[in-house]
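Step one of this worksheet: look at the structure below.
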Amino acid sequence: FSRIPDAKITFSDRGAEAMMGSGGDIVVNVIGHDLKMAEAMANEILAKIDKIPGIVSSETSVHEARPELLINLDRQRISDLGLSTAQVGQTVSTSILGSVATRYRDAGDEYDVRLQLAKAMRESKEDLDNILVMTPTGKQIPLRAISTIEYGKSPQEITREDQERYVSVTADVSGRDLRSVTGDVKKMLATVPVPPDFRLEISGTAEDLQESFMYLGLAALVAILLTYMVMASQFESFVDPFIILFTIPLSFIGVAWGLLLTGTTLSVMALVGVVMLVGIVVNNGIVLVDYINQLRDRGVELFEAAVQAGGVRLRPVLMTALTTIFGMIPLAMGFGESGEQWAPLARAVVGGLTVSTVLTLVIVPIIYVLVELYSAKRRQKHEAKRRSRLEKQLADSKA
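Here the working numbering runs 6 ahead of the position in the sequence shown, where the first position is 1.
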């Protein structure tokens, strides 16, 4: 393709665009009615966006204008001759494009009979000048007598969204994460002067990613709520599930380290892995807290129960965690077709589960002991207040 002179060749994956619903990683829409002004702003944005690190393959939606002939009618002259612009337009349309004068019928089939000038008489600007227009008096005058014809250019297409014209600047990102590049693009757009009747909007994969983050955040909150409700019904307590939920923020530490060490950006797939962790990491806490409760029911002292539960439940906790971690490692390596797309999910799960498993064996028993000591102190204070109140009532009754 490089040997073709004056050719602009672009490549794109139409299937990926259809799936994502956008034409690039970052799309800046210049919205306004004046196409020339919008094109000038788009070219200015294109020149500035190319200087941002990480931006590759940037282009505008403005294509090479299509040449055309513009007929500028002399309305005063047309009126003086008793004509109308509609009559002149119809004459030009019939001469160049043709119009159906009648239909020829043959054995039940109909064929349009189109009336227009011969091809040799409608090939140049001079032929257009010489088109004859019939006046009401029966005279024929050439089109050049009532108009001026000049060369011009028109856009190949006019794109609209919500009934507003726009010109887009599309750019792909490579070598940097999409969020930081989008932030740099927003800072750059703040330096672009925008006329009062224009506005700039960012769309593309950047917009899709922002919406996905919001919905996945809501999904994570709902998952935490449902997990708490299930554990509260099983433990028949509101305190024990609260203790177990501390394993979730512990897993976030592992997610951050897992993505950082592997050089993976926080993408939609990584957030899906975070939502998965909400239901996975609580398993270790459930196993640990449940056994502590069993030991205390047998009469074991609080601190001793916490220590024994950690030692006894260490093996099953490691078994359940390691099976999930080792099962995710091949996917985290990114092997196979589309492996790089699913790898962030597995890396988030592996990192979060590894760190949460280690910290759960230490942090959860500590939190359990602290909560129980605090509850015991509250019960003692409540009991002391109740005794004091009963003693006061007894003294009042004797008096």
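Every residue gets a Cβ at the ideal spot worked out from N, C-alpha and C, and that includes glycine.
Once DSSP output is grouped into helix, strand and coil, what is the label at residue i?
i, result
"R392", "helix"
"V34", "strand"
"P350", "helix"
"L222", "helix"
"S90", "coil"
"T271", "coil"
"R166", "strand"
"L103", "coil"
"T188", "helix"
"P336", "helix"
"I369", "helix"
"T141", "coil"
"S160", "strand"
"D133", "helix"
"D183", "coil"
"S28", "Its pLDDT being 47, under 50, S28 is placed unreliably in this model, and the value from its coordinates should be taken loosely. If DSSP states are grouped into helix, strand and coil, S28 belongs with coil."
"L359", "helix"
"R9", "coil"
"L400", "helix"
"R128", "coil"
"E23", "Unreliable placement is indicated for E23, whose pLDDT of 43 sits below 50; the coordinate value is still reported in the next sentence. Three-state result, E23: helix."
Just the C-alpha distance for residue i and residue j, rounded to the nearest angstrom, thanks.
i, j, result
"Y221", "S273", "13 Å"
"A22", "M235", "Note that A22 scores a pLDDT of 41, beneath 50, so its modelled location is shaky; the value from the coordinates is reported in the next line. Rounded to the nearest angstrom, the two C-alpha atoms are 40 Å apart."
"L6", "A354", "What is shown of the chain runs 7 to 405, which leaves residue 6 out entirely."
"L215", "D56", "22 Å"
"K54", "P255", "41 Å"
"Y157", "I77", "9 Å"
"D86", "D133", "24 Å"
"E129", "P148", "16 Å"
"F341", "S180", "20 Å"
"I292", "I37", "55 Å"
"G27", "T326", "Low local confidence applies: a pLDDT of 42 at G27 is under 50, so the model's placement there is unreliable, with the coordinate-based value given in what follows. Computed Cα separation, rounded: 39 Å."
"L324", "I286", "13 Å"
"Y110", "G95", "26 Å"
"A407", "A226", "This structure cannot speak to residue 407, because the chain is shown only from 7 to 405."
"T66", "E217", "24 Å"
"T233", "K42", "56 Å"
"V284", "I230", "6 Å"
"A24", "D178", "Residue confidence is low: A24 scores 38 on pLDDT, short of 50, so the model does not pin down where it sits. Its coordinate-derived value is still stated next. Looking at the two C-alpha atoms, the distance is approximately 16 Å."
"T271", "R185", "9 Å"
"F219", "T253", "22 Å"
"I420", "W263", "This structure gives no information on residue 420, because the portion of the chain shown stretches from 7 to 405."
"S101", "R9", "41 Å"
"H388", "L251", "27 Å"
"L379", "I249", "13 Å"
"Q93", "P142", "11 Å"
"E50", "G279", "40 Å"
"R321", "V368", "15 Å"
Name the two residues that bound the continuous beta strand (DSSP E) containing residue i.
i, result
"A177", "E170 to V179"
"I196", "Just to set this straight, residue 196 is Ala in the shown sequence, not Ile. Where A196 is concerned, there is no enclosing beta strand (DSSP E), given that its DSSP letter is neither H nor E."
"E207", "R205 to S209"
"I61", "I61 to T66"
"R120", "D115 to L121"
Quick one: give me the first and last residue of the alpha helix (DSSP H) that residue i is part of.
i, result
"E310", "L308 to V318"
"L149", "First-last for L149: undefined, no H or E at that position."
"A46", "L41 to I55"
"L266", "T253 to T268"
"R302", "V288 to D303"
"I77", "Taken as a continuous stretch (DSSP letters only), I77 belongs to no alpha helix (DSSP H), being part of the beta strand (DSSP E) at R72 to L79."
"D246", "V245 to I250"
To the nearest whole angstrom, what separates the beta carbons of residue i and residue j, a pair I think is in contact under 8 Å?
i, j, result
"A349", "L359", "The pair is not a contact, with the Cβ atoms about 16 Å apart (cut-off 8 Å)."
"I331", "V364", "Not really, about 12 Å apart at Cβ, beyond 8 Å."
"D31", "G210", "6 Å"
"S105", "L121", "6 Å"
"V34", "V175", "4 Å"
"I137", "T97", "7 Å"
"I58", "V139", "Their Cβ separation, rounded to whole angstroms, is 56 Å, which puts I58 and V139 out of contact at 8 Å."
"R171", "A44", "7 Å"
On the criterion of 16 or more Cβ atoms from any shown chain inside 10 Å, does residue i qualify as buried, or is it exposed?
i, result
"T108", "exposed"
"I335", "exposed"
"F199", "Per the sequence presented here, residue 199 reads as Pro, with Phe not at that position. Exposed is the call here."
"T91", "exposed"
"Y374", "buried"
"A315", "buried"
"T366", "buried"
"I84", "buried"
"L400", "exposed"
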